[in-house]
Amino acid sequence: MQDIKNMNSRRQFFKFAGIAGGAVAAAAVSRVAMAALPEPVFQKSPDTMAPLVPNTGRPYNPVVTLTGWTLPWRMNNGVKEFHLVAEPVVREMAPGFKAHLWGYNGQSPGPTIEVVEGDRVRIFVTNKLPEHTSIHWHGQRLPNGMDGVSGLNQPAIPVGKTFVYEFVARRPGTFMYHPHADEMTQMAMGMMGFWITHPKVKHPLIDEVDRDFVFLLNAYDIDPGAYTPKIMTMLDFNLWSWNSRIFPGIDPLVVRKNDKVRIRVGNLTMTNHPIHLHGHEFHVTGTDGGPTPKSARCYEVTTDVAVGQMRQIEFLADEEGDWAFHCHKSHHTMNAMGHDVPTLIGVDHRGIAKKISNLIPDYMVMGERGMADMAEMEMPIPDNTAPMMTGAGPFGSVEMGGMFSMVKVRKDQKAGDYKDPGWYKHPAGTVAYEWTGALPNPSRFAAEGGNTMPSQNMPAKDIEVQVRKPMGSMKH
Ligand SMILES: [Cu+2]
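Counting from 6, one number per residue, gives the positions in the sequence shown under this note's numbering.
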C-alpha cells in the first residue's frame, strides 16, 4: 500500500518535471513477466531535470544531472528496483543538431541511478538493441557474477531479453555504468550512465553540500551533416561532449552565492580531459576509488580526469558572475570541422579567393586572421551540423563549442532554484575596457635603441618556413 502511494506521488513529480512515463518494455518480455517488472520510465527532453527527491527508502540530498535526469525506482519488499532499457535513441546534442545514438530509457547517457549505502538494489536490464549487451557497474563492490563483463562474469544479454542484476551498494561514492559487450561500439554510440551511492550516516570525508552536479565526459565521431557516429574511430573523435551535449547546448551550472558546490565528472572517452574552473579554487574530494583523505587535498583550478576515471570537486561559490567551466584542451572546446585545416594566419588570400570562387561557388578562405572570423560569419554548413565555434554571449560570440559551460553564481538565486538567471550584470567599472589615451613607446625600448631584436638578425627575406603540426598517430 505504501509503495502504491509512493509510486503515485512519484508520477506526480515526473509530470511536474516533464518526464514522459508509461511506455511499455520490449515485446520479447512476456506479459506475465512484465507484471513483475518495474514499469520502465523514459525521457525524451534533453534538458536538465529537477533533482529526484527520494520519497521511499533512506533520505539523501539528490544530485542534479547536467542535461540529464535521474531514474525513479520502486521499493519491493525492501529492495530498490530499477528498470533500464538499452535501446537506440535520438539525442539532440545542440539546438539544430541531432545524433542517432544508443542509450538507455530514451536518452544518451542513461539516467543517473541514486541509492544509499547499504541498499539492496535490483536492476532489470531489457535489451532492445540490434545486438547483445551487458552492464558493468564501474567501481562497485559486488559479487563477481554481477560485474557485467560478458563472457567472463555472465552470458551477454541477447537481443529482446531482460537480465537481472542484484547486489548491495556497499560503499558510498560516485560510480559509472556502461556495457562490457562489444564495448568499443556501444560506448562510441553513447551507452553509459552515472551511479551515486550516498552515505548512510554522516561520513567524516563526505561533506554536506548545497548543490551537487554530475555529468559524464563523452566523445563522438560524426561527420558534418551525418547523424550516426563512426564506431570504428579509436582516437580521432570530432565532438567532445558533456552528457552527449555540446556547447552551446550544455546548460549552465546555476548556484547561489556562498553555496557549497560539488561537481562529479566521469570520463568515458578515450583521452584525458583537464577540467578547468574560472574564478574559484576547488579541492578534489573524491575519485571512483572513494573519498580523498583530507591530508591529500590541495587547492586546484584544473584537474585532469583520465580515461575511465571520476573526479569529484568541491568549492565555495563566493564570487558572483558567469564563470567559464571547460576542458582545457582547446580543441575539445570546438565542434566538428576543426581538424585538418592548415594554419593560415598571416597568409593574404585577397585575389586568390576571388579566383577560386569563380570555379567553386561558396568557397571561403578559413582563418587568415585567426579562427575568430569563423564564429562570426554565417558560413554555409551542411544540415544537422553544429557550428565549430559559437555561443552568443553578452559581449559577442563566445567562440566555443564542445566541452564548455559556465558556473553562474548569483546572490539572489533561491535555494534549490536551477533556472538560468541570464547573463551576469557587471557592476559599473568592473569590465575590461578599451584604452583610448596615448600609447607612448616604452622607455626601455628607446634606451636599447628601438627594436629588441636588431634588424641584421632578422631571417633573410627569401627563406620560407612552413611548419605544420604533426598529424597521424599522436592525436588527442
Ligand atoms: Cu577534453
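Ideal Cβ positions, reconstructed from N, Cα and C, are used throughout, including at glycine.
Please read these numbers as outputs of a predicted model, since none were measured by experiment.
Within the same chain, show all residues whose beta-carbon is closer than 6 angstroms to that of V29, passing over the 5 residues directly before and after it, in chain order. Within the sequence shown, residue 29 is the residue found at index 24, counting from 1. Per-residue confidence for V29 stands at a pLDDT of 34, beneath the threshold of 50, marking its modelled position as unreliable; no derived number is given.
Taking all protein chains shown into account, do 16 or more other C-beta atoms lie within 10 angstroms of the C-beta of A41, making it buried, or fewer, making it exposed? Your numbering for residue 41 matches position 36 in the sequence shown. A41 should be labelled exposed.
Closest by C-alpha distance to D417, when choosing among E439, N263, G407 and M315: Along the sequence shown, one-based indexing puts residue 417 at 412. Considering only alpha carbons, the answer is N263.
So, with DSSP's three-state summary, where would you put E97? Against the sequence shown, residue 97 aligns to sequence position 92. Strand, per DSSP.
Can you give the beta carbon distance from E286 to F252, rounded, assuming they're within the 8 angstroms contact cut? Counting from 1 along the sequence shown, the entry for residue 286 is found at position 281. Counting from 1 along the sequence shown, the entry for residue 252 is found at position 247. No, E286 and F252 are not in contact; Cβ-Cβ is about 23 angstroms, not under 8 angstroms.
Quick one: complete beta strand (DSSP E) runs, 3+ long, within the segment 146 to 228? 167 to 173, 178 to 183, 198 to 203 and 216 to 225
With 16 other Cβ atoms within 10 Å as the buried cut-off, status of C332: In the sequence shown, counting from the first residue as 1, residue 332 sits at position 327. Label assigned to C332: buried.
Please report the distance separating the alpha-carbon of V121 from that of E136. As a working note, residue 121 is residue 116 in the sequence shown. As a working note, residue 136 is residue 131 in the sequence shown. So the alpha carbons of these two residues sit roughly 33 angstroms apart.
To the nearest angstrom, how far is it from the Cα of L244 to the Cα of G442? Here the question's residue 244 lines up with position 239 in the sequence shown. Here the question's residue 442 lines up with position 437 in the sequence shown. In a straight line, the C-alpha of L244 is about 44 angstroms away from that of G442.
Would P114 and H105 qualify as a contact pair, given that the criterion is a beta-carbon distance under 9 angstroms? If you number the sequence shown from 1, residue 114 lands on position 109. If you number the sequence shown from 1, residue 105 lands on position 100. No; because the gap between Cβ atoms is not below 9 angstroms, this pair is not in contact.
Specify which residues have a beta carbon nearer than 6 angstroms to any heavy atom of ligand 2, listing them in chain order. The ligand content of the structure shown is limited to ligand 1, which means ligand 2 is not among them.
With 16 other Cβ atoms within 10 Å as the buried cut-off, status of H344: In the sequence shown, residue 344 corresponds to position 339, counting from 1. Here the model assigns H344 a pLDDT of 43, short of 50, so the residue's position is not dependable, and the following value carries that caveat. The residue in question, H344, is exposed, as its Cβ has fewer than 16 Cβ neighbours within 10 Å.
Quick one: is Y65 buried, meaning 16 or more other Cβ sit within 10 Å of its Cβ, or exposed? Counted from its first residue, the sequence shown places residue 65 at position 60. Classification of Y65: buried, given that the 10 Å Cβ count is 16 or more.
Could you please give the first and the last residue of the uninterrupted beta strand (DSSP E) stretch that includes S410? Position 405 of the sequence shown, counted from the first residue, corresponds to residue 410. First-last of the beta strand (DSSP E) with S410: F409 to R415.
K85 to W78 span [Cα, whole Å]: The residue you call residue 85 lines up with position 80 of the sequence shown. The residue you call residue 78 lines up with position 73 of the sequence shown. Whole-angstrom Cα-Cα distance: 6 angstroms.
Within 10 angstroms of the Cβ of K413, are there 16 or more other Cβ atoms? Answer buried if so, exposed if not. Taking the sequence shown and counting its residues from 1, the one referred to as residue 413 is at position 408. Classification for K413: buried.
Closest by C-alpha distance to L222, when choosing among I236, R267, G195 and A174: In the sequence shown, counting from the first residue as 1, residue 222 sits at position 217. Residue G195 is the option with its Cα nearest to L222.
Distance between T297 and V312 (C-alpha atoms, nearest Å): Sequence index remark: in the sequence shown, residue 312 carries index 307 (1-based). Sequence index remark: in the sequence shown, residue 297 carries index 292 (1-based). Looking at the two C-alpha atoms, the distance is approximately 19 angstroms.
Distance, K424 Cα to N389 Cα: Translated into positions along the sequence shown, residue 389 becomes position 384. Translated into positions along the sequence shown, residue 424 becomes position 419. Those two C-alpha atoms are separated by around 28 angstroms.
Counting Cβ pairs, one atom from each stretch, are 3 or more of them under 8 angstroms apart for the segment 125 to 140 and the segment 87 to 103? yes
Would you decide whether L240 is buried or exposed? Buried here means 16 or more other CB atoms lie within 10 Å of its CB. By 1-based counting over the sequence shown, the position of residue 240 is 235. Exposed: under 16 other Cβ atoms inside 10 Å.
Closest Cα partner of E325 within the set E305, M393, T435 and R146: For the purposes of this step, residue 325 is identified with residue 320 of the sequence shown, where counting begins at 1. Of the candidates E305, M393, T435 and R146, the one whose C-alpha sits nearest the C-alpha of E325 is T435.
According to DSSP, is T338 helix, strand or coil? Residue 338 sits at position 333 when you count from the first residue of the sequence shown. Reduced to three states, the DSSP call for T338 is helix.
Just confirm the distance between the C-beta atoms of F218 and V68, as a whole number of angstroms; I'd bet it's less than 8 angstroms. Position 213 of the sequence shown holds residue 218. Position 63 of the sequence shown holds residue 68. With 8 angstroms as the limit, F218 and V68 qualify as a contact, their Cβ atoms being about 7 angstroms apart.
Looking only at C-alpha atoms, which of G284, R302, W328 and M393 sits nearest to V335? As a first step, residue 335 is located in the sequence shown; it is residue number 330 there, counting from the start. Sequence inspection shows Ser at residue 335; the Val mentioned does not correspond to that position. The shortest Cα separation from S335 among G284, R302, W328 and M393 belongs to M393.
Chain-order list of residues whose beta-carbon lies under 7 angstroms from that of V310 (same chain, five-residue window excluded): Here residue 310 corresponds to residue number 305 of the sequence shown, with the count starting at 1. Within the same chain, V310 has close Cβ partners L222, V270, N272, N277, H278, I280 and R316.
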